[in-house]
Structures are given as structure tokens and as C-alpha cells.
Amino acid sequence: MTDYSSNHSDGLRPATLLVHQGRDRDSFTGAATVPIYTASTYHQHGGRDGAYDYARSGNPSREQVEDAIALLEGGTAGFAYASGMAAIAGALALLDSGDHLLASSDLYGGSYRYLSTVLPRQGITVDFVDTTDAAKFAAAIRPETRAIFIETPSNPLFRITSLRAMVELAQHHNLLTILDNTFMTPLLLRPLELGVDVVVHSATKFLGGHSDLLAGLAVTADADLARRLKHYQNAAGNVLAPFDAFLLSRGMKTLKIRLEAAQAGAGVLAERLSQHPAVQQVLYPGLTDFPHRARHFAQSSGPGAVLSFILREPARVAGLLKRVRLPIIAPSLGGVETILTHCWSMSHAAVPDDVKASIGLSAGLLRLSVGIEDVEDLWRDLEQSLEG
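Printed below as a string of C-alpha cells:
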């Protein structure tokens, strides 16, 4: 585990940090990439403990991306897991049986499934609340409440939670704050600097960026939390494999230019979709009429590359999904290719229909993760699909 807090103050800008990360060459050969260490175990010279003993406990390829996310988020230590959900599970392992968790009411379907079906079996109770309303949130805090789990923007309804307000409440009540920063990435939102305790990422998405790996990351600036996260990661063994760590490290190097291009395209498509007669509403922080736009930009430096749009006639969703050609229709986001998701039946299929309806997720909503294709080609494809 490496402390990169001093390195982060060296004044290197994001593009440079992404390319060079925590280490940018092999110390033994000088190779331009850290090798893929596939060894499951390590020789103990003379029977004495070395830097590594068993791959579940530590692996140089995995440490490459763990150090990188700590550097990018401004944390003390990072942890790499086999998936985004494994990273969330690792962070929530900080809770004990008998604890109470408050979570944003509008969450990714996989997160909702874990919080609503797995945690209760571990003796942890969960309430889903509107974290965009600080008063409602404060009213939901119990004596046994120990943590908050937040998404902002929320997936897929783009509700914006004020992290400063949540952190202030959490510190007053001695609560742990856990934030999923997948949508914004460390380039657009720096939660640790706002006082958030643990940040998690589905690195499968923007950080990997090429829809070719499954990975999760967690990072903290607190040394005691880092120790506890490391203990659970090692005990549970849900760690990132060496080859996937290599792919993730490679993908992160181009995050800045990918995200800038995708975000620019998202802005164009959001404006055009909002003017199309078949579209009832577009949810995207970059639009001037977006609710809580000021709140979003008070804590984030950009709107991101994902948007949602709601069709006036939900029955037309099936036809659109048949006609569209360029976007991949899939329950994911953050790739170089544009990805279109019908959240009701895909990313949020695990959420009961009545719960989806109660939070305002309709069957007519589609989530669009904009890739780096030419935006005019994307618009032409979407336009013909909407008009069909």
C-alpha cells in the first residue's frame, strides 16, 4: 500500500497523471508498461516474508491500478476488485450486523439488489431516501444509522445530491459516507476533497473505457478505513485479475481525451434530443433548464457523457431499439462506442416494477452513454430511429 498524497501535490495535471499513473515503467527492465504478473504465489527467500506472498494478498499488476486510483482521487490507498459490485460490497463490508444504512432512492439496479437483498441477510437494515433533500435525509437518520450510500448524478434519473450537505450531516451524526463516482470519474468530481470517506467506481465503465473488462475500484483518504478495506479485500479474495488490471491501466491512460470527446458529443445530442417532438424530456446536467444544474456544477467540473431521455409514447421504445444501428443496446456505459440502455428492462431489471414507478423510472426512459464516434453520424442514426 503506497501513500501517494505527496505525489499528488507535485502539480501534475490530470492528463499527465493518467498517462504516468503511480508507476509508468517496469523497475527491473525499464519496459514501458508494468508486466502482467500471473504468479499465484511468490518465493520467500530463506523463509522470510517479502513484499509479496500470495496473489490474493498482493500482486504488482493489481497494485499498479490501485496506486493509480489513489493518485487520481487524491486518496491514501486504492483497492481493485473483480467488478464494480465487488467494490461496493467491499466498501459496505465496513458495516456490522445491527447497523442501519441510508441510500439514495434512485440507484443503479445492481446496487439496489445488493442493498435490498444481501445486506438484510447480514443483519444490516437499509432505507432508501431522497438524498437530494437534506431535510428528508436528516429525518431518516436513526440511532443505529452508520453510513450513507450515494450516487450523484443518480442512475438513470440524474438527481443531484449536494455532497457538501451530506458530508456535513454525516460528520454531525458520525456517519460514514460512500459515493459511487462511476458517472463523473475523478476528472469531473473529486469527492474525497469534499469530505466523502470512501469512493467506489465500476471501472468496467469510463476508467476501462473499451467494454472489454470487468473491474471495480475503491479509494479512501483515511488510513484506518484503508486498513479495514484491505483486511476485507484480502479475506474475501474478490480481487482484480492481473490481465484485467493491465487492461484497466491501459484504458485509464486515455480517459481524459475519451471523456472530453464523449462529453462534447453528449452535449450536442442532449440539445437535439430535447427539441425532437418524439422526446418528452432529456435528463442531462449540461442543459440550461436541467433541475439542480447549479448544484451539480458547484461540485463537478463537467456534465459527463451520459444522458437519459424519455419518449412521449413508451410504446415506441421497442421500435426505436429495432431501428437504431450505431449504438450497442446493452446494460452498460462508458465505452468508446455509444451504448443505449432501456433501463426498465436492462440495468434496472432487478428493481421491482412498483419501486421503479415510485422513484419515477418509466418504461419510456432510455439511457444513452455517448461514445467517441462522429456526433453527426450518431444524430442521424438516432433521428431516423425516432422518426420511424
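Okay, so the sequence shown: first residue is 7 according to the working numbering, each after it adds one. Every residue, glycine too, gets a C-beta built ideally from N, C-alpha and C.
Residue i versus the options, residue with shortest Cα-Cα distance
i, options, result
"M190", "S160, H178, E72 and S217", "S160"
"G271", "A76, I345 and T44", "I345"
"Y290", "L163, R196 and D359", "L163"
"V342", "L182, G215 and A232", "G215"
"A321", "P149, D380, Q128 and S368", "S368"
"S46", "S63, G56 and D55", "S63"
"A247", "A37, H49, L18 and A88", "A88"
"R165", "L253, A242, R299 and D30", "R299"
"Y48", "P66, A251, R386 and R127", "P66"
"Y114", "A227, H354, W350 and A140", "H354"
"L100", "G366, P358, Q128 and L220", "Q128"
"T123", "L384, P358, S364 and L388", "P358"
"V361", "V71, G17, R119 and S208", "R119"
"A268", "D380, A284 and L388", "D380"
Residue i vs residue j beta-carbon contact at 9 Å
i, j, result
"P337", "M352", "yes"
"K142", "L339", "no"
"R152", "D102", "yes"
"S391", "R329", "yes"
"H106", "D73", "no"
"L313", "L265", "no"
"S117", "I94", "yes"
"L121", "A144", "no"
"P41", "D32", "yes"
"I130", "L98", "yes"
"G273", "P309", "yes"
"G370", "I316", "yes"
Contacting residues, own chain, Cβ-Cβ under 6 Å from residue i (five flanking each side not counted)
i, result
"T167", "T137, T138, I156 and T158"
"A76", "Y10, A83, G84 and V225"
"L24", "M258, K259, L261 and K262"
"Q27", "A74"
"V206", "A93, I94, A97, D186 and A224"
"Y238", "G96 and A99"
"N244", "Y87, A88 and A92"
Three-way DSSP call (helix, strand, coil) for residue i in this model
i, result
"D383", "helix"
"I365", "helix"
"L374", "strand"
"Q269", "helix"
"Q239", "helix"
"D9", "No answer about D9 holds up, because its pLDDT of 36 lies below 50 and its placement is not dependable."
"S117", "helix"
"S15", "Bear in mind that a pLDDT of 42 at S15, under 50, signals an unreliable position, so the number given afterwards is only what the model happens to contain. S15 falls in the coil class under three-state DSSP."
"Q286", "strand"
"S280", "helix"
"G53", "helix"
"T131", "strand"
Residues near residue i in its chain [Cβ-Cβ closer than 8 Å; skip 5 each side]
i, result
"Q50", "G56 and D59"
"R196", "E79 and G80"
"G44", "Looking at the sequence provided, one finds Thr at residue 44 rather than Gly. So the qualifying residues of the chain are P248 and F249."
Cut-off 7 Å between Cβ atoms - residues of its own chain near residue i, not counting five sequence neighbours on either side
i, result
"E199", "G80"
"G394", "G325 and R329"
"A38", "R31"
"V202", "L169, V173, T183 and L185"
"D296", "A small correction: the amino acid at residue 296 is Phe; Asp does not occupy that position in the sequence shown. Once the five neighbours on either side are set aside, the close Cβ partners of F296 are Y290."
"Q286", "I316, L317 and R318"
"R234", "L100"
"S15", "Reliability fails at S15, whose pLDDT of 42 lies under 50, so the model's placement of it is uncertain and the value that follows must be treated cautiously. The answer is none, since no qualifying residue turns up."
Examine the Cβ distances between the region 272-287 and the region 372-383 and report whether three or more of them are shorter than 8 Å. yes
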